[in-house]
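Residue numbering for the sequence shown follows this note's numbering, beginning at 23 and increasing consecutively. Idealized CB from N, CA, C, for every residue including glycine. The structure presented is a predicted model; accordingly, all values stated were derived computationally and were not measured. As structure tokens, the structure follows; a few thoughts come after it.
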Amino acid sequence: MNTEIIIRTIENSDRQWIKSIFNEFWGGDIIITKGFIHSFNDLDGFIATSNNEKVGLITYKITDKELEIVSLNSFRENKGIGSSLVDTIMTLARKQKLKRVWLLTTNDNVDALKFYQKRNFTLKNIYPDAIKLSRKLKRSIPLIGNYGIPIRDEIELEIIL
Ligand SMILES: CC(C)(COP(=O)(O)OP(=O)(O)OC[C@H]1O[C@@H](n2cnc3c(N)ncnc32)[C@H](O)[C@@H]1OP(=O)(O)O)[C@@H](O)C(=O)NCCC(=O)NCCS
Numbered sequence: 023m024n025t026e027i028i029i030r031t032i033e034n035s036d037r038q039w040i041k042s043i044f045n046e047f048w049g050g051d052i053i054i055t056k057g058f059i060h061s062f063n064d065l066d067g068f069i070a071t072s073n074n075e076k077v078g079l080i081t082y083k084i085t086d087k088e089l090e091i092v093s094l095n096s097f098r099e100n101k102g103i104g105s106s107l108v109d110t111i112m113t114l115a116r117k118q119k120l121k122r123v124w125l126l127t128t129n130d131n132v133d134a135l136k137f138y139q140k141r142n143f144t145l146k147n148i149y150p151d152a153i154k155l156s157r158k159l160k161r162s163i164p165l166i167g168n169y170g171i172p173i174r175d176e177i178e179l180e181i182i183l
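Structure below.
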């Protein structure tokens, strides 16, 4: 079976699918980072496909020569899909001569902390209790996250280019 992963940019016709992914994995149509609301409709991004099936999604926002990875999902883990999507973002950031690629994750997402640190991201900041504000804007954020860890803080990781 051909398992080649193809990465392509998001098209308008993908928006409803992105909306469903945001709802299923991120609890709503929006993602909040540092109090900023990102809608599924406004973000740029890339989709990974395998045999014409969508197997991964990364979304981002570029502001002031910095690229924020807003979401990353792989639907077939441990096959290189997440890495390919992050590589695509790094290539884009270098092409556009951006200064920094960064992202926020929550304190419970230890798998993401491992994943990004093994891909050269370093810890930049911890925002203790930041999820309190996010919960005011998005009530669906659960109290308890991965591995039964209470979701409280935002952790910022970055690569300086
Ligand atoms: C974090 C996440 C995006 C990783 O995606 P993924 O597709 O599993 O990532 P990869 O396959 O590229 O890498 C995962 C592991 O698989 C291994 N791997 C990659 N290709 C492989 C292959 N062909 N065969 C076997 N293992 C492989 C990698 O070595 C890697 O291990 P490492 O991190 O210890 O180095 C995914 O787990 C996910 O969607 N998590 C939920 C959402 C989330 O937390 N997103 C990030 C926060 S925004």
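Look at the alpha carbon of residue i and the alpha carbon of residue j, and state the distance between them as a whole number of angstroms.
{"i": "S149", "j": "N131", "result": "It should be pointed out that residue 149 corresponds to Tyr in this sequence rather than to Ser. Y149 and N131: Cα-Cα distance of roughly 14 Å."}
{"i": "T31", "j": "G102", "result": "18 Å"}
{"i": "K119", "j": "K83", "result": "15 Å"}
{"i": "T127", "j": "I27", "result": "25 Å"}
{"i": "K121", "j": "S162", "result": "33 Å"}
{"i": "I59", "j": "K160", "result": "9 Å"}
{"i": "K154", "j": "E46", "result": "21 Å"}
{"i": "G104", "j": "R37", "result": "20 Å"}
{"i": "G67", "j": "F97", "result": "16 Å"}
Tell me, to the nearest whole angstrom, how far the beta carbon of residue i is from that of residue j; I am working on the premise that it is less than 8 Å.
{"i": "G78", "j": "L125", "result": "Incorrect: roughly 16 Å between the Cβ atoms, too far for contact."}
{"i": "T81", "j": "I29", "result": "At roughly 13 Å, the Cβ-Cβ gap does not stay under 8 Å, so T81 and I29 are not in contact."}
{"i": "S93", "j": "W39", "result": "13 Å between Cβ atoms; not a contact."}
{"i": "F62", "j": "K41", "result": "5 Å"}
Can you name the start and end residues of the alpha helix (DSSP H) that residue i belongs to?
{"i": "N45", "result": "37 to 48"}
{"i": "Y169", "result": "Here Y169 belongs to no alpha helix (DSSP H), and DSSP marks it neither H nor E."}
{"i": "K101", "result": "No alpha helix (DSSP H) holds K101; DSSP gives it neither H nor E."}
If you follow the beta strand (DSSP E) that residue i is in, where does it begin and where does it stop?
{"i": "D66", "result": "66 to 72"}
Please work out which residues of its chain come closer than 6 Å, Cβ to Cβ, to residue i, disregarding the five sequence neighbours upstream and downstream, and give them in chain order.
{"i": "I55", "result": "Looking at the sequence itself, residue 55 is Thr, so the reference to Ile does not match. Here the set comprises L126."}
{"i": "E180", "result": "R122, W124, K146"}
From the DSSP secondary-structure annotation, give me the bridge partner or partners of residue i.
{"i": "I53", "result": "H60"}
{"i": "R141", "result": "R141 is not bridged to any residue."}
{"i": "V123", "result": "L89, I181"}
{"i": "T31", "result": "F68"}
{"i": "K76", "result": "T71"}
{"i": "N95", "result": "L79"}
Quick one: residues in its chain with C-beta nearer than 7 Å to the C-beta of residue i, no 5 flanking neighbours on either side, listed in chain order?
{"i": "A152", "result": "D175, E176"}
{"i": "N34", "result": "none"}
{"i": "T144", "result": "L179, E180"}
CB-CB under 8 Å to residue i, same chain, minus the five flanking residues each way: which ones, in chain order?
{"i": "Y169", "result": "D130, V132"}
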